[in-house]
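Accompanying notes for the structure given below.
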Amino acid sequence: MKLIATVLLFNSMLVASALGGEFEPRIERLVPLVDKAGDLDLLSAGSPAARMKRARPLLEAAAAFRLDSGESIGAFVNWLAAVAVAESALRDAKDVPAGDAELLLQAYGHLMDMRREFVRFAKISGGWSPFQRAGAAGFARQLLKVPAYSADAIAWLGKRMLANDGRALSEGSYATMAKAARFRGDFGFLLSVADRACESRPGLRCRAWKAEALFGLGRGEDAENILPEAGDDGAFRIARARGTLRRLLKGAPDAGALKKALRVLAELGEQHRAKSLVPRERVIALADPELDELYLGALFADGIQYEDAWTFASRAAGRPRTPGFLTRRVSAGLMKLMDCFTGKKAEYDFALSSALVGDLRALSGSLPQLASRMSLHLEVLDMLASPVAERPHRLREFERDVHRYLARYPADTDGLKIMLLGRLIGSRIDVSAHLRRVRETHADIMAGISGIAGAVAVRAALKEKDLSLVRMLDAWLEDIGCCRLWRAHMLAVEGLLGPEKMRQKLLQRALKEYTGFISSLNEGPVANDSLVDFCDTVGSIATLMMQSQQLEQARQLVRQVSQACSQVGEVEATASVLEMAGSAKSGQVADSLARLAKAVDLIGSSQAKLQAMLWLGVALEAAGEKKAASEMAATARGFAEQMARDGIGPFFFPDPRALVATG
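Shown next as structure tokens:
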């Protein structure tokens, strides 16, 4: 379901709430890769001063660390490890030097400010949904918790710093603490920050923080006494908004007041606090359509709180429902339906699906294109959940609706992706004809659909032995100079499946494209840049090297990326097989077998998981573990049979590296 989730709803994820209980700063518990990537026990040895000395060079480079491309992941994890070392030093230090504390404080501030970047990274990794629980997606979800963790850490460290009487801090440190206090809704802490800042660095800014804190604490009269009597100084804008919010939510606010309050929260960038500040039962009782839309929008603003959003959307009583409300309600419903494919729910909820059909019918009058597109998404889910005997009929209806949609909106990339997705699940739509028309009239959008188009081409080659789409796409993508990674995948498949006399030439071209893609990652952001793409590329190269008996070169390549790709099951599986291929010692083979067994659990793609199971079975038999090998073979057979019973072919999940490897 990985591809379906990515295509259907490409939204942002929920930033986790503050950690409960007494806070202890240990970022390695939040992001385990930090501990796995390096020896934290060794790095955290010695006195607190010695630890800070090790961490300081990386902490000072905080602003340089971004998640712009896959190759930056290793450096970013190293930087998080430096944060972990600094945390251990400050946990154990009796007296924290001001410079060290401020350095860690600014590092936390940088992590808190990377909130949007973490969401973007989660989107690119396809990790927003509940479908993927390991690998790059799991790492991305862990990063989504970092901003809330950082705000808590700033409060923990800031209170220690403020407790040092008479020690003046930099203006930047006070500002970082104020930002964290807002994020947490901790106005007592904000008041402490403002008081200390006004003592050491008096000015408008600290007075504005104090007024804001007093408004947040319900002391409006005291706050008003601090505000300037005239004008609207920019320093006091947030404080004034905080005061407005407090007044709007006082008592039993009417619909107008609640709508204004929700807009103020949006202005403050605090829509994530709507759930705790705006009384839901009051919103429902008022039955105001516009208010319902604003409240539901606030639930969606900071990520995917789809269960909560659906609960509210099901109870909201405002009529007629607005287009914005219906759009969000349908999105939440689609997410709930996708839960049915994860094992969370016993069976698919066709009653919910029927309710969404009614919503989409109501939405079609005001937003026809969006309603039609979401209807196609729903058809895909219904089709996958239906008994195999019903699928031919549903496929025919789907094909008819896709043709109608593309006739009206021929250049809509989402519609084209749905068409391609349908091809993956068995529809007979003439993909090549549609893509030719798109290329003739809207060639500029080809790059946007290259990923799923490549997956369809690879599946057609592997499942149907049809290389025509691979060759067509390869030529087009080369013409427009894009999508090196997908071109490499397709060249590899063509080399593995094509005529023997062309094999070596095509595989060499594929290797050239793979290495070129990795080089391009060092030049800045590229299309589809992500940890997934980077590790995918490395896995593909290593697989081709294995098949060409270049085992030592493949091992060296995998070692170079072991840190960045240690949570990507496909690469871990490749690495363990390479280890076994080069080791005759029983102890080392046993370690590699254990690593391969662990990698199987990390893999999200069914196709890649099946391949890894088969690798593990063969390796166990070679190691003399006859019983375990037999059990693994039975497990793999059962896994494949279950896919067949579900009507899903083994190449339905187009994990590029796995598809290339099994060609």
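One gets our numbering by counting positions in the sequence shown from 1 and adding 13 to each.
We put the beta carbon where it would ideally sit given N, CA and C, even for glycine.
Next on the checklist: Could you give the first and the last residue of the continuous alpha helix (DSSP H) run that contains E225?
Outcome noted: Your numbering for residue 225 matches position 212 in the sequence shown. Note, E225: alpha helix (DSSP H), 217-229.
Checklist entry - DSSP three-state call for P160: helix, strand or coil? => result On the sequence shown, residue 160 is found 147 positions in, with the first residue counted as 1. Note: P160 maps to helix in three-state DSSP.
Item to check | Cβ neighbour criterion (16 or more within 10 Å) applied to D614 | outcome: Position 601 of the sequence shown, counting from 1, holds the residue named residue 614. Counting Cβ neighbours within 10 Å, D614 comes out exposed, since fewer than 16 surround it.
Item to check | G112 (DSSP reduced to helix, strand or coil) | outcome: Along the sequence shown, one-based indexing puts residue 112 at 99. Helix.
Checklist entry - Is F36 helix, strand or coil when you go by DSSP? => result The residue labelled residue 36 in the question sits at position 23 within the sequence shown. In the structure shown, F36 sits in coil (DSSP, three-state: anything other than H, G, I, E or B).
Item to check | CB-CB length for L408 against S440, believed under 8 Å | outcome: Translated into positions along the sequence shown, residue 408 becomes position 395. Translated into positions along the sequence shown, residue 440 becomes position 427. The C-beta distance from L408 to S440 rounds to 5 Å, short enough to fall under 8 Å.
Checklist entry - Can you round the beta-carbon distance between L339 and L304 to whole angstroms, since I take them to be within the 8 Å contact cut? => result In the sequence shown, the residue the question calls residue 339 occupies position 326. In the sequence shown, the residue the question calls residue 304 occupies position 291. So it is not a contact: roughly 15 Å between Cβ atoms.
Next on the checklist: Could you tell me the alpha carbon to alpha carbon distance between E654 and L627, rounded to whole angstroms?
Outcome noted: Counting from one through the sequence shown, the residue named residue 654 turns up at place 641. Counting from one through the sequence shown, the residue named residue 627 turns up at place 614. One Cα belongs to E654, the other to L627, and the distance between them is close to 14 Å.
Checklist entry - Around the Cβ of T189, are there at least 16 other Cβ atoms within 10 angstroms (buried) or fewer (exposed)? => result Your numbering for residue 189 matches position 176 in the sequence shown. Counting other Cβ atoms within 10 Å of its Cβ, T189 reaches 16 or more and is therefore classed as buried.
Checklist entry - What residue does the alpha helix (DSSP H) around T454 start on, and which one ends it? => result Numbered from its first residue, the sequence shown carries residue 454 at position 441. Boundaries of the alpha helix (DSSP H) harbouring T454: 444-454, taken from the DSSP string.
Item to check | Pairwise C-alpha distance: A326 and L309 | outcome: Taking the sequence shown and counting its residues from 1, one reaches residue 309 at position 296. Taking the sequence shown and counting its residues from 1, one reaches residue 326 at position 313. Those two C-alpha atoms are separated by around 7 Å.
Checklist entry - What are the boundary residues of the alpha helix (DSSP H) that Q562 is part of? => result Residue numbering aside, residue 562 sits at position 549 when the sequence shown is read from its first letter. Note, Q562: premise wrong, no alpha helix (DSSP H); not H, not E.
Checklist entry - Is S579 near M593, with beta carbons less than 8 Å apart? => result On the sequence shown, position 566 is the one that residue 579 refers to. On the sequence shown, position 580 is the one that residue 593 refers to. Cβ distance not < 8 Å, so S579 and M593 don't count as in contact.
Checklist entry - What are the start and end residues of the alpha helix (DSSP H) that includes K476? => result Taking the first residue of the sequence shown as position 1, residue 476 is located at position 463. Secondary structure note for K476: its alpha helix (DSSP H) is the uninterrupted segment 463-477.
Item to check | Separation of A610 from A641, as counted between CA atoms | outcome: Counting from one through the sequence shown, the residue named residue 641 turns up at place 628. Counting from one through the sequence shown, the residue named residue 610 turns up at place 597. Near 11 Å, if we compare the C-alpha coordinates of A610 and A641.
Checklist entry - Does the region 483-490 come within contact of the region 464-471, defined as at least 3 CB pairs closer than 8 Å? => result The region 483-490 makes contact with the region 464-471: 3 or more CB pairs, one atom from each, lie closer than 8 Å.
Item to check | DSSP state of I438 mapped onto helix, strand, coil | outcome: Taking the first residue of the sequence shown as position 1, residue 438 is located at position 425. Coil.
Item to check | Identity of the residue in A345, F313, D372 nearest R334 by Cα | outcome: Numbered from 1 along the sequence shown, position 321 holds the residue referred to as residue 334. If we check each option's Cα against that of R334, D372 comes out closest.
Next on the checklist: On the CB-based measure, 16 or more other CB atoms within 10 Å of its CB, does G269 come out buried or exposed?
Outcome noted: One-based indexing of the sequence shown puts residue 269 at position 256. Under this definition G269 is an exposed residue.
Item to check | For G122, the nearest candidate out of S101, L156, S163 (CA to CA) | outcome: The residue given as residue 122 occupies position 109 in the sequence shown. Ranking S101, L156, S163 by Cα distance to G122 puts S163 first.
Checklist entry - Are the region 244-262 and the region 222-235 touching, with three or more C-beta to C-beta distances below 8 Å? => result They touch, by the three-pair rule.
Next on the checklist: Quick check: what's the CA-CA separation for L290 versus R522?
Outcome noted: Taking the sequence shown and counting its residues from 1, the one referred to as residue 290 is at position 277. Taking the sequence shown and counting its residues from 1, the one referred to as residue 522 is at position 509. The straight-line gap from Cα to Cα measures roughly 59 Å.
Checklist entry - Three-state secondary structure (DSSP) at C495? => result As a working note, residue 495 is residue 482 in the sequence shown. C495 sits in coil when the DSSP states are folded into three classes, being neither helix nor strand.
Item to check | Closest by C-alpha distance to A330, when choosing among A279, V343, P302, D425 | outcome: For the purposes of this step, residue 330 is taken as residue 317 along the sequence shown, with counting starting at 1. Among A279, V343, P302, D425, the Cα nearest to that of A330 is on P302.
Next on the checklist: Beta-carbon within less than 7 Å of G198's beta-carbon, same chain only, minus the 5 sequence neighbours each way: which residues are those?
Outcome noted: Your numbering for residue 198 matches position 185 in the sequence shown. Answer for G198: R286, listed in chain order.
Next on the checklist: Less than 6 Å between C-beta atoms, sequence neighbours within five positions excluded: which residues of the same chain meet that for C353?
Outcome noted: Residue numbering aside, residue 353 sits at position 340 when the sequence shown is read from its first letter. Counting only residues of its own chain and dropping the five nearest sequence neighbours on each side, C353 has a CB closer than 6 Å to the CB of Y361.
Item to check | Inside the region 377-433 only - alpha helix (DSSP H) runs reaching at least 4 residues | outcome: Listed in chain order, the complete alpha helix (DSSP H) runs (minimum 4 residues) inside the region 377-433 are 381-398, 404-421.
Checklist entry - For the putative contact between E412 and I438, defined by C-beta atoms under 8 Å, what is the C-beta separation to the nearest angstrom? => result Position 399 of the sequence shown, counted from the first residue, corresponds to residue 412. Position 425 of the sequence shown, counted from the first residue, corresponds to residue 438. Not really, about 11 Å apart at Cβ, beyond 8 Å.
Checklist entry - Nearest CA to the CA of S532: which residue from M515, V551, K514? => result As a working mapping, residue 532 is identified with position 519 in the sequence shown. When each option's Cα is compared against that of S532, the closest is V551.
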